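Okay, structure first, notes after.
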Amino acid sequence: MEDTKKIIFSGIKPSGDLTLGNYLGAIKNWVKLQDQYDCYFCVADLHAITVRQDPKDLRRRTLEILSIYISSGIDPEKNTLFIQSHVPAHSEASWLLTCSSYMGELGRMTQFKDKSQKYGESIGAGLFNYPILMSSDILLYNADLVPVGIDQKQHLELARDIGERFNNLYSPTFTIPDAYIPTSAAKIMDLQDPTKKMSKSEDNPNGYILIMDPVEVIRKKISRTVTDSIGIVNYSDDQPGVKNLINILSSIKGISPKDIVKNYEGLGYSELKKDVAEAIITELSPIQTKINELLSNKTYLEDIYKKGAEKANYVANKTLRKMQKKIGLIPR
Ligand code: AQP
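The sequence shown begins at 42 in the numbering used here and counts up by one.
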């Protein structure tokens, strides 16, 4: 029987150890979507190398992310879990789409602009091109929906533009994907500077919670979260630190920010921080145990990513062949 489920594609790059932002903004939502959709989740190792990575760390993190996916509840039997570089079609399609993308549109990407400020003239060309590789990732699977945090919305819009351009230039080839952005966890902010997003490549470790952080570290980091001098638990842009804590609690517990504010009437930030820390610990502890178990079973992980790559290669190659044919490349 033909599978008529809509298709989802998403991935995370092993450019650092995963944070609570990656978990709440991406992975936790994937778990909810896996029954309704035909899901492809990859470890985006080719994206990670847009910035220099230590080879040993890259290998460790790639397997760690795969373990995090499975330990968070993504069923490898129901979903296609794979490592991006194991499907060469991603790199090939990326070149084909590079040839119909514009410098102007790539240069307008906020993430590129931010990173160029950091790296200046020596910014890697990979960082400039990366949204095209991301477009290829998505378009190759004809994804209907791409669950991402709000930081990736602009890249997804570019993927839509690139896909539509190819469809118009040749003939309908790709499904044009929609973003699927969670409400309360769309952007988990840095704990030390709540005006910027929590990021795994941030220099100050107090700004983020890692999925693998020990219990005491989580308590300490949350207790040191930067708040304000207002002293009342409100969900307001004037209190970004407190708002971020409420968002974290809301997305873990599934309670609306409004109800959380009600629960803290007459209480202060220390009570809120204590509850946020305990909620994170309750959420992450069982996942950490499973991750450690899986990481000690490399054969099992290998089996998962090999099977995943087999299915992903089949689907991605079909789309790639169509692209090549339409462009005018001679079939192999
Ligand atoms: N702070 C965040 N809040 C909500 N969602 C987030 N995501 C990342 N940070 C937050 C979501 O996680 C997914 C994976 O992202 P990625 O690793 O491919 O790239 P990224 O968005 O650049 O993540 P980082 O952690 O900020 O990595 P670095 O520091 O290496 O650039 C995406 O769905 C993203 O929205």
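Just so it is clear, CB atoms sit at the ideal spot from N, CA and C, and this is done for glycine as well.
Please read all numbers here as calculations on a predicted model, not as lab measurements.
Beta carbon of residue i nearer than 9 Å to that of residue j
i	j	result
SER112	LEU342	no
LEU106	LEU59	It should be noted that the sequence gives Ile, not Leu, for residue 106. It is a contact, given that the beta carbons lie within the stated cut-off.
ILE35	LEU99	With the chain covering only 42 through 373, there is no way to say anything about residue 35.
ALA353	TYR78	no
CYS80	SER126	no
PHE153	THR121	no
ILE115	VAL84	no
TYR310	VAL283	yes
LEU147	PHE123	no
ARG260	ALA318	yes
Residue i Cβ short of 8 Å to the ligand AQP heavy atom set
i	result
THR60	yes
LEU65	yes
GLN195	no
ALA200	no
HIS88	yes
GLN152	yes
VAL72	no
GLU343	no
MET239	yes
SER51	yes
GLU243	yes
LYS228	yes
ILE263	no
LYS348	no
ASP178	no
GLY190	yes
SER326	no
SER56	yes
VAL92	yes
Integer Cβ distance of residue i from residue j, believed to fall under 8 Å
i	j	result
THR214	LYS359	With 8 Å as the limit, THR214 and LYS359 do not qualify as a contact, their Cβ atoms being about 11 Å apart.
GLY204	ILE191	Not confirmed; about 21 Å, so no contact.
ILE49	ALA220	Contact flag wrong, Cβ pair sits at about 11 Å.
PRO188	LEU87	Actually they do not touch by this definition, with Cβ atoms about 20 Å apart.
THR266	LYS314	6 Å
LEU199	PRO172	5 Å
Residue closest to residue i, alpha-carbon to alpha-carbon, out of the options
i	options	result
LYS228	ARG265, LEU186, GLU312, ILE289	ILE289
ASP178	LYS348, PRO129, ASN120	PRO129
ALA357	GLU133, ASP116, ARG93	GLU133
TYR143	ASP202, LYS97, GLU324, ILE222	ASP202
LYS241	SER56, THR45, LYS47	SER56
TYR346	ILE293, ASP95, PRO117, GLN94	PRO117
Contact with chain C by residue i, beta-carbon distance below 9 Å
i	result
VAL72	Note that chain C does not occur in the displayed structure, where there is just one protein chain.
Tell me the start and end of each unbroken alpha helix (DSSP H) in the stretch 238-267 that is at least 4 residues and wholly inside, in chain order.
256-264
Counting only runs that start and end within the stretch 175-228, where is the alpha helix (DSSP H) found for 4 or more residues in a row?
194-210
Every unbroken beta strand (DSSP E) within the stretch 76-110, with a cutoff of 3 residues, ordered by chain:
79-84
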